[in-house]
Amino acid sequence: TTNTNDVGMLETAISTGQTSCARLVCYRKDTSTFLNQVTVLPLQSMDTGGVPMSLTCLMMREISPNSTELEFRMVHEQQMNNALALRAVIQLLTPASAGLMHIDPPSVDPSEA
7 TTNTNDVGML ETAISTGQTS CARLVCYRKD TSTFLNQVTV LPLQSMDTGG
57 VPMSLTCLMM REISPNSTEL EFRMVHEQQM NNALALRAVI QLLTPASAGL
107 MHIDPPSVDP SEA
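In terms of my numbering, the sequence shown opens at residue 7 and continues consecutively.
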């Protein structure tokens, strides 16, 4: 079953603008399960006419339950690189924004997920 602590950690990361990563057990329509690596990253924070707004990237990728720690870290690195590329595009498209947040390393040790 899905670990509620991991879900709570991701929710907290989203609401506080932090980076986090977890492995979650997810369910298909046919009720079969699969392991999903989820990474959340803050991309941008801006003030739009007095209304603070933030943009968070949520990336999910199905992984094998037999994945090694190296495979987990490689997927995480790919997700981080994709988020950095997306952040660069957003910065080019919105030069007047209030600024981009710094992307921190994961707040949890992936080996504990």
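C-beta atoms are modelled at their ideal positions from N, C-alpha and C, and glycine is treated no differently. Being a predicted model, the structure only gives us computed values, none of them experimental.
Go ahead and pull the three-state DSSP assignment for Ser21.
Within the sequence shown, residue 21 is the residue found at index 15, counting from 1. In this structure, Ser21 counts as helix in the three-state DSSP scheme.
Leaving out five residues on either side along the sequence, give the residues of the same chain with a beta carbon under 8 Å from the beta carbon of Glu17.
Counting from one through the sequence shown, the residue named residue 17 turns up at place 11. Same-chain partners within the cutoff: there are none.
Coarse secondary structure for Met107, derived from DSSP in three states
For this step, residue 107 is matched to residue 101 along the sequence shown. Only weak support is given to the placement of Met107: the predicted model assigns it a pLDDT of 46, under 50, and the question is left unresolved by the model.
In or out: Gln24 buried (at least 16 other Cβ within 10 Å) or exposed?
For this step, residue 24 is matched to residue 18 along the sequence shown. Looking at its Cβ environment, which holds 16 or more other Cβ atoms inside 10 Å, Gln24 is buried.
Residue from Met66, Leu61 and Ser60 with nearest C-alpha to Ala28
Numbered from its first residue, the sequence shown carries residue 28 at position 22. Measuring from the Cα of Ala28, the nearest candidate turns out to be Met66.
Validate contact between the segment 67-85 and the segment 30-47 using beta carbons, cut 8 Å, 3 pairs:
Taking 8 Å as the limit for Cβ pairs, the verdict is that the segment 30-47 does touch the segment 67-85.
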